[in-house]
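Report on the structure given below.
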Ligand SMILES: Cc1ncc(COP(=O)(O)O)c(C=O)c1O
């Protein structure tokens, strides 16, 4: 692989020089032209490994958005650590697959070690708890809700017996929960309409008292509450629902508590921020995402459950993968923890990263992003043409440009597109109370305050340019 790696690294470098910023200028048409300019991806006679790699790594890099550029700050799209990228290459090279022991002996052992480390971090009993490395929080939320549904609707597990003759299941989450929660409910036959939106307080956190009343009403109506989904780190504002009080309500009603800590879970590494997640250990299941505040290449999701037997609805005996006698003899697969069959050893890169940096090293990266967000928020708050939506909790800053005339929503939307089209900056866009807001998602721990100031200066300059003439 050495000569090929050298070609790939040259292509990456050449593309980055050509791009000369967080993304290429010229918008979608320019990128399509760049990629199609290489030629047919399926020629009759191949061009050879070196040439194909050189051409395509070059255009892929030149046409990419680079999350390591400080002006790339739109999404929970982390710059991956080099050590993790290289570990990922090793996982690809051996192509381990965790659905059977004979495809991934070390992969299974490494995943179990990583899950134990995360279980300890969350506050679960490390040997009683279990989990699975997933493709991300969308899969973790889906799997967590599947387990919750089947736990609530016992003795018949809908995963095995179908949903016939079940009372109407219900799921509760706040309006700020990730859309994958409602979509999972749809996929699981619970129905998106069966997801009840719990009101939030003035800090955008779920109101536990309202949750309590809504669950009681559902029970009185003859419905079956199957899960409360709390969010620890909402996508836009990084808000963390009051976990201890939600846990109390869920426990009182005997309802499964799933915490979507896809974004906020990384705060567990930080001594300063970890207390925000108090109560997490009371959840029945938790979604973490190490491709967010964890600096892993996609995919690096984690689902944890408080106790191994909760995976029962997913367990299957498959003659070609995990016979009982093999499992009894210690050749244990991880098939029964996932909706997937073939599954990459994504735990390897996480293991390498965690061991390389330690929890203190990871915490320092989290703190650095949090510091940058506080700095950006102060800059926004002190700028006459910018308005801060609210103080950051984790590492996102929601704000908007205040045009001297014209429609603020239209100006903010177009200034963001103009920064994209010019290849200057990638900043986020969201909406609150019907108004367009901009967002910086600061996940680059090595960005400097001066670089963040420059991004804000670019926003203001683009806003001035997009403000309609009088
Ligand atoms: C709170 C939250 N939950 C779930 C997800 C989905 O995660 P993934 O994209 O890893 O599937 C996101 C993505 O940003 C998120 O912010």
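Residue numbers (the working numbering): 939 to 1408. The C-beta atom is built at its ideal place from N, Cα and C for all residues, glycine as well.
Can you tell me where the beta strand (DSSP E) with residue 1109 in it begins and where it stops?
Within the chain shown, numbered from 1, the residue matching residue 1109 stands at position 171. Per DSSP, the continuous beta strand (DSSP E) segment holding residue 1109 begins and ends at 1107-1112.
Whole angstroms are fine: how far does the CA of residue 1012 sit from the CA of residue 1275?
Locating residue 1275 in the chain shown gives position 337, where the first residue counts as 1. Locating residue 1012 in the chain shown gives position 74, where the first residue counts as 1. Their backbone Cα atoms lie some 33 angstroms apart in a straight line.
For residue 1028, tell me which candidate among 1290, 1353, 1309, 1245 has the shortest Cα-Cα distance.
Within the chain shown, numbered from 1, the residue matching residue 1028 stands at position 90. If we check each option's Cα against that of residue 1028, 1290 comes out closest.
Check the DSSP bridge columns for residue 1163 and list the partner residues they point to.
Position 225 of the chain shown holds residue 1163. BP columns for residue 1163 point to 1108.
Whole-angstrom distance between residue 1164 and residue 1238, CA atom to CA atom:
Taking the first residue of the chain shown as position 1, residue 1238 is located at position 300. Taking the first residue of the chain shown as position 1, residue 1164 is located at position 226. Computed Cα separation, rounded: 27 angstroms.
If you draw a straight line from the alpha carbon of residue 1192 to that of residue 1166, how long is it in whole angstroms?
As a working note, residue 1192 is residue 254 in the chain shown. As a working note, residue 1166 is residue 228 in the chain shown. Looking at the two C-alpha atoms, the distance is approximately 10 angstroms.
In whole angstroms, what separates the C-alpha of residue 1047 from that of residue 1402?
To locate residue 1047, count along the chain shown from 1; it is residue 109. To locate residue 1402, count along the chain shown from 1; it is residue 464. Their backbone Cα atoms lie some 56 angstroms apart in a straight line.
Go to residue 1196, then tell me how far its alpha helix (DSSP H) extends in each direction, as first and last residue.
What you label residue 1196 is simply residue 258 of the chain shown in a count that begins at 1. Counting along the chain, residue 1196 falls outside any alpha helix (DSSP H), though it belongs to the beta strand (DSSP E) covering 1194-1199.
What did DSSP end up calling residue 1261 once you bin it into helix, strand or coil?
Within the chain shown, the letter at position 323 stands for residue 1261. Here DSSP, grouped into helix, strand and coil, assigns residue 1261 to coil.
I need the DSSP call for residue 1376, collapsed to helix, strand or coil.
Stepping through the chain shown from its first residue, residue 1376 is reached at position 438. In the structure shown, residue 1376 sits in a strand (DSSP, three-state: E or B).
Let me make sure I understand the geometry here. Which of 1067, 1355, 1253, 1243 has the alpha-carbon closest to that of residue 1397?
Walking along the chain shown from the start, residue 1397 turns up at place 459. Measuring from the Cα of residue 1397, the nearest candidate turns out to be 1355.
Exposure label - residue 1213; buried when at least 16 CB within 10 Å
Position 275 of the chain shown, counting from 1, holds the residue named residue 1213. So residue 1213 counts as exposed.
Please classify residue 1032 as buried or exposed, where buried requires at least 16 other C-beta atoms within 10 Å of its C-beta.
Position 94 of the chain shown holds residue 1032. With fewer than 16 other Cβ atoms within 10 Å, it is exposed.
What are the complete alpha helix (DSSP H) segments, minimum 4 residues, inside the segment 1230-1318?
1262-1266
Range covered by the alpha helix (DSSP H) that runs through residue 971:
Your numbering for residue 971 matches position 33 in the chain shown. Start and end: 965-974.
Tell me whether residue 1110 is buried or exposed, calling it buried when 16 or more other Cβ atoms sit within 10 Å of its Cβ.
As a first step, residue 1110 is located in the chain shown; it is residue number 172 there, counting from the start. Buried, since its Cβ has 16 or more Cβ neighbours within 10 Å.
With a threshold of 16 other CB atoms inside 10 Å of the CB of residue 1267, please say whether the residue is buried or exposed.
Translated into positions along the chain shown, residue 1267 becomes position 329. Flag for residue 1267 reads exposed.
DSSP three-state label for residue 1365, please.
For this step, residue 1365 is matched to residue 427 along the chain shown. Strand, per DSSP.
For the structure I just gave you, are there three or more beta carbon pairs, one from the segment 1088-1101 and one from the segment 1141-1158, closer than 8 angstroms?
no
What whole-angstrom Cβ distance do residue 1108 and residue 1162 have, given they're in contact under 8 angstroms?
For the purposes of this step, residue 1108 is taken as residue 170 along the chain shown, with counting starting at 1. For the purposes of this step, residue 1162 is taken as residue 224 along the chain shown, with counting starting at 1. Sure, about 7 angstroms apart at Cβ, within 8 angstroms.
Note the first and the last residue of the continuous alpha helix (DSSP H) segment covering residue 1325.
The residue labelled residue 1325 in the question sits at position 387 within the chain shown. No alpha helix (DSSP H) holds residue 1325; the beta strand (DSSP E) holding it covers 1324-1326.
Assuming residue 1141 contacts residue 1177 under a Cβ cut-off of 8 angstroms, what Cβ separation, rounded to an integer in Å, is found between them?
To locate residue 1141, count along the chain shown from 1; it is residue 203. To locate residue 1177, count along the chain shown from 1; it is residue 239. 6 angstroms between Cβ atoms; contact.
Which residues mark the beginning and the end of the beta strand (DSSP E) in which residue 1210 is found?
In the chain shown, counting from the first residue as 1, residue 1210 sits at position 272. Unbroken run through residue 1210: none, as it is neither H nor E.
Residue 958, buried or exposed, once every other Cβ within 10 Å from all chains shown has been counted against 16:
Indexing the chain shown from 1 puts residue 958 at position 20. Residue 958 comes out exposed.
Could you give the residue range of the alpha helix (DSSP H) that holds residue 1042?
Residue mapping note: residue 1042 aligns to position 104 of the chain shown, counting from 1. Going by DSSP, residue 1042 is part of no alpha helix (DSSP H) at all; its letter is neither H nor E.
Residue 1227: beta carbon under 8 angstroms from a heavy atom of ligand 1?
Counting from one through the chain shown, the residue named residue 1227 turns up at place 289. Within the cutoff, so yes.
Beta-carbon within less than 6 angstroms of residue 1393's beta-carbon, same chain only, minus the 5 sequence neighbours each way: which residues are those?
For the purposes of this step, residue 1393 is identified with residue 455 of the chain shown, where counting begins at 1. Once the five neighbours on either side are set aside, the close Cβ partners of residue 1393 are 1009, 1363.
Provide the residue span of the alpha helix (DSSP H) that contains residue 1225, from first to last.
As a working mapping, residue 1225 is identified with position 287 in the chain shown. No alpha helix (DSSP H) contains residue 1225, which is instead part of the beta strand (DSSP E) from 1223-1227.
Work out the CA separation of residue 1384 and residue 1030 for me, nearest whole Å.
Start at 1 with the first residue of the chain shown, and residue 1030 comes out as number 92. Start at 1 with the first residue of the chain shown, and residue 1384 comes out as number 446. Their Cα atoms are separated by approximately 28 angstroms.
Counting only the same chain and skipping the five closest in sequence on each side, list residues whose C-beta sits under 6 angstroms from that of residue 1232.
Counting from 1 along the chain shown, the entry for residue 1232 is found at position 294. Counting only Cβ-Cβ distances below 6 angstroms, and skipping sequence neighbours, we find 1204.
For residue 1179 and residue 941, I'd like the C-alpha separation in whole angstroms.
In the chain shown, the residue the question calls residue 1179 occupies position 241. In the chain shown, the residue the question calls residue 941 occupies position 3. Each residue's alpha carbon lies about 50 angstroms from the other.
Count the other CB atoms within 10 Å of the CB of residue 939; is the residue buried (16 or more) or exposed (fewer)?
Working through the chain shown from its first residue, we reach residue 939 at position 1. By the 10 Å Cβ count, residue 939 comes out exposed.
Which partner residues of residue 1101 appear in the DSSP bridge assignment?
Looking up residue 1101 in the chain shown gives position 163. In DSSP, residue 1101 forms no bridge with anything.
Please name the residue or residues paired with residue 1338 in a DSSP beta bridge.
In the chain shown, the residue the question calls residue 1338 occupies position 400. 1325, per the DSSP bridge assignment.
Pop quiz: residue 1077 and residue 1172 are said to be a contact at Cβ under 8 angstroms. What is the actual Cβ separation, rounded to whole angstroms?
Mapped onto the chain shown, residue 1077 falls at position 139. Mapped onto the chain shown, residue 1172 falls at position 234. Actually they are not in contact, since the Cβ atoms of residue 1077 and residue 1172 sit about 19 angstroms apart, beyond 8 angstroms.
In three-state terms, what does DSSP make of residue 1069?
For the purposes of this step, residue 1069 is identified with residue 131 of the chain shown, where counting begins at 1. Looking at residue 1069 - three-state DSSP - the assignment turns out to be strand.
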